[in-house]
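First to last, the sequence lines map onto chains Z and C.
Position 139 of the first sequence, counting from 1, maps to 132 under the numbering used here, and the rest follow consecutively.
One rule links them: number in the numbering used here = place in the second sequence (from 1) + 1024.
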Amino acid sequence: MIVFEKVTKVYTLKNKEKVLALKDVSFKIEDQELVLLVGKCGCGKSTVLKLILGEEKPTSGRVLIDNQEVPKMKNGTLAKLRRKIGVVFQDYKLLSQRNVFENVSFVMEMTGFSDKEIKKEVPEILEIVGLENKMHHFPDELSQGEKQKLCIARAIAHRPKILLADEPVGNLDGETTLEILRIFKKINSELKTTVVIATHYQEVVNFFKSRILNLKKGELIYDGPYKKIII
Amino acid sequence: MFLELKRAIKYGLKVFKQNLGLGFINLFVFSITLFLCTLFFFSGKVGGILIKNLKEKADISVYFKEEVPKEEIFKIKEELLKIQGVEKVEFISKDENLEKFRKKHEKDFIILEALETVGNPFFDSLSVYVKEAQNLEGVLEFLKGKKDLIQEEDYSEKKSTIEKIFKISKNIQKGLFFTSLFFIIVSCLIVFFTVHLTILNQKEEITVQKLVGASNFNILFPFLFQEILWAFLGVLVAILSFALLLKFLTPYTIFILPEIQIFDIFKNNLFKILGLNFLIALVLAFVSTFFATKRYL
């Protein structure tokens, strides 16, 4: 279970200027839920995901995963937590010195998959996202769309307990977008993975028709079941 | 753990191959550092031999009267050895003294002829070697009590030479110590900054690895492995170039230090030098990688 208790996050810019990203945000995401984090660009969606992943610390309030406070975790515990989370980063964050196959196998290696399993499963996952022919390419040899697909493949390869996706279909064409969204739905329903998708696309919200957390200028303005909202 | 280690080594090898360009800078720096360490270890050895040779020349000879029996001289030898700071006492019989003298003047026929006429004019003697010049005081004090048995001793005529030798020896030791310390510190800093630069190049990679759940071991080990490989290659380059340099210099050093064969000293100490180099390389690689990655872990 993911819990946010009155979380406020203020970023200090290089010129010392303070920017409020989240203000008193509280919510609970139960295990196996699929939640859509929606709102315009700069409303704090990515900050919520970064706080869950422990990439950022809250200025005040508490962020808990399975009753453990993420910001207070030591390096080792945080690494273990991150192995249970799959992340589709908005800026991909691919390992530039590893090829497509190795980018996916890296997280599987971290989570204890055997070499045999990795050899068998990585091509299968790459086939799902349509990268089976680019297995030996390096990230800088891929298009933006392919990078996004690789990022998705890496996020789901180790069957994480939680899947965080930050604008996961921003650079994909219509057909691939649909394919990826179906995968997310399948992961949630069949593998019982908790899925949190941050998006500003109306189509994505309408596809899942799932619980919505709507953020506006860092404040949570709606937390409830699917309804037609204008982002 | 074994699987994790195997994968880390595999990745370390890959990083090693991928970063060959930057790696050659690493190799260069490691080689220079280890070359300097070898040079100063070796200078220490040569310096030690030089000092020993110098100190051998700083003995005092005590000549005993004709009538003093050898047993009495041996007793004095034992007592001298008990005095603090006495390193070695050598008994030289009057015949050995004569032989030494003959050898020294083997081309001087007048002296040799004179010797034939007078017979053996020498006495049994003891050569006393001390660790420090000031230790001679105790020896002289002891010998004062035995002056009835002593024909002569040469301390007063050798006094200034002995003191000079000890002073020079001390200065050589001090000089070697501080120069080596300085160069080792400077070299360590250069290695650290070069490794830091290599890792800085990988900053993004480390950040991403962390975000997808890599442990400190997963991140640190491939870099460490890569640095160890470069360091070990550095040992080979340093030792080989040092050996070549010595081979080249040996014919020239024979003129300056005829009693020292520098290449033989190197050969006799090769395992010690190799061991020392591997140890320094390992410590340098480990410490530099640890401190360079620490801020990103």
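All C-beta atoms, glycine included, are put in the ideal place defined by N, C-alpha and C.
What does DSSP give as the partner residue(s) for residue i in the beta ladder?
{"i": "Z/Q191", "result": "First, the amino acid is wrong: residue 191 of chain Z is Ala here, not Gln. Z/A191 pairs with Z/L30 and Z/D159."}
{"i": "Z/R204", "result": "Z/V28"}
{"i": "C/F1310", "result": "Bridge partners of C/F1310: none, in fact."}
{"i": "C/I1084", "result": "C/V1152"}
{"i": "C/S1184", "result": "C/S1184 is not bridged to any residue."}
{"i": "Z/L15", "result": "Z/K2"}
Could you have a look at residue i and say whether DSSP puts it in helix, strand or coil?
{"i": "Z/E10", "result": "coil"}
{"i": "Z/I78", "result": "strand"}
{"i": "Z/F20", "result": "strand"}
{"i": "C/Q1175", "result": "strand"}
{"i": "C/E1114", "result": "strand"}
{"i": "C/E1229", "result": "helix"}
{"i": "C/E1102", "result": "helix"}
{"i": "C/L1205", "result": "helix"}
{"i": "C/K1124", "result": "helix"}
{"i": "C/G1036", "result": "helix"}
{"i": "Z/R147", "result": "helix"}
{"i": "C/R1031", "result": "helix"}
{"i": "Z/K209", "result": "strand"}
{"i": "Z/G35", "result": "coil"}
{"i": "Z/V56", "result": "strand"}
{"i": "C/E1130", "result": "coil"}
{"i": "Z/N199", "result": "helix"}
{"i": "Z/I224", "result": "coil"}
{"i": "C/L1321", "result": "coil"}
{"i": "C/I1107", "result": "coil"}
{"i": "C/K1194", "result": "helix"}
{"i": "C/V1236", "result": "coil"}
{"i": "C/T1218", "result": "helix"}
{"i": "C/K1076", "result": "helix"}
{"i": "Z/K50", "result": "coil"}
{"i": "C/T1057", "result": "helix"}
{"i": "C/K1041", "result": "helix"}
{"i": "Z/K154", "result": "coil"}
{"i": "Z/T186", "result": "coil"}
{"i": "C/F1146", "result": "coil"}
{"i": "Z/N293", "result": "The question about residue 293 of chain Z has no answer here: the residues shown for chain Z are numbered -6 through 224."}
List the endpoints of the continuous beta strand (DSSP E) containing residue i.
{"i": "C/S1149", "result": "S1149 to V1154"}
{"i": "Z/G217", "result": "E212 to G217"}
{"i": "Z/E(-2)", "result": "I(-5) to T5"}
Between which two residues does the alpha helix (DSSP H) carrying residue i extend?
{"i": "Z/L44", "result": "K38 to L46"}
{"i": "C/F1163", "result": "Checking the sequence shown, residue 1163 of chain C turns out to be Val, not Phe. Note, C/V1163: alpha helix (DSSP H), L1160 to K1168."}
{"i": "C/V1142", "result": "F1133 to V1142"}
{"i": "C/Y1276", "result": "N1240 to I1280"}
{"i": "C/K1089", "result": "Segment: none, C/K1089 is in no alpha helix (DSSP H) and carries neither H nor E."}
{"i": "Z/L174", "result": "G167 to E183"}
{"i": "C/I1286", "result": "I1286 to N1292"}
Practice item. Taking 8 Å as the threshold, find out whether the stretch 185 to 196 of chain Z comes into contact with the stretch 107 to 119 of chain Z through three or more Cβ pairs. Key: no
**Study point:** alpha helix (DSSP H) runs wholly inside the stretch 58 to 144 of chain Z, at least 4 long, in chain order
**Key:** 68 to 76, 93 to 103 and 108 to 121
Exercise for review: Mind the definition here: the stretch 182 to 190 of chain Z touches the stretch 23 to 32 of chain Z only if three or more C-beta pairs lie below 8 Å; say whether that holds.
Suggested key: yes
**Study point:** Contact the stretch 142 to 156 of chain Z vs the stretch 174 to 185 of chain Z: 3+ CB pairs below 8 Å
**Key:** yes
Practice item. Compile a chain-ordered list of the residues in the stretch 40 to 74 of chain Z whose CB is closer than 7 Å to at least one CB of chain D. Key: Among the chains of the structure shown, chain D does not appear; the protein chains present are Z and C.
Practice item. Tell me, please, whether the stretch 1150 to 1157 of chain C touches the stretch 1076 to 1095 of chain C by the rule of three or more beta-carbon pairs shorter than 8 Å. Key: yes
Review point. Is it a yes or a no for the stretch 45 to 60 of chain Z touching the stretch -4 to 7 of chain Z, going by three-plus beta-carbon pairs under 8 Å?
Key: yes
Check your understanding: How do the stretch 201 to 213 of chain Z and the stretch 1183 to 1193 of chain C stand: do at least 3 beta-carbon pairs fall below 8 Å, yes or no?
Key -> no
Practice item. Decide yes or no for the touch test of the stretch 127 to 136 of chain Z against the stretch 77 to 92 of chain Z: beta carbon pairs closer than 8 Å, at least 3 of them. Key: yes
**Study point:** Any 3 or more C-beta pairs closer than 8 Å across the stretch 1269 to 1286 of chain C and the stretch 1194 to 1204 of chain C
**Key:** no
Review point. Do the stretch 1259 to 1275 of chain C and the stretch 1044 to 1058 of chain C meet, that is, are 3 or more Cβ pairs less than 8 Å apart?
Key: yes
Check your understanding: Should the stretch 1233 to 1245 of chain C be called in touch with the stretch 74 to 83 of chain Z, which here means at least 3 C-beta pairs below 8 Å?
Key -> yes
Point to revise | the stretch 1026 to 1035 of chain C touching the stretch 1201 to 1212 of chain C, judged by at least three CB pairs closer than 8 Å | key: no
Review point. Do the stretch 28 to 40 of chain Z and the stretch 56 to 64 of chain Z meet, that is, are 3 or more Cβ pairs less than 8 Å apart?
Key: no
**Study point:** Cβ contact (3+ pairs, closer than 8 Å) linking the stretch 1039 to 1051 of chain C and the stretch 1107 to 1121 of chain C
**Key:** no
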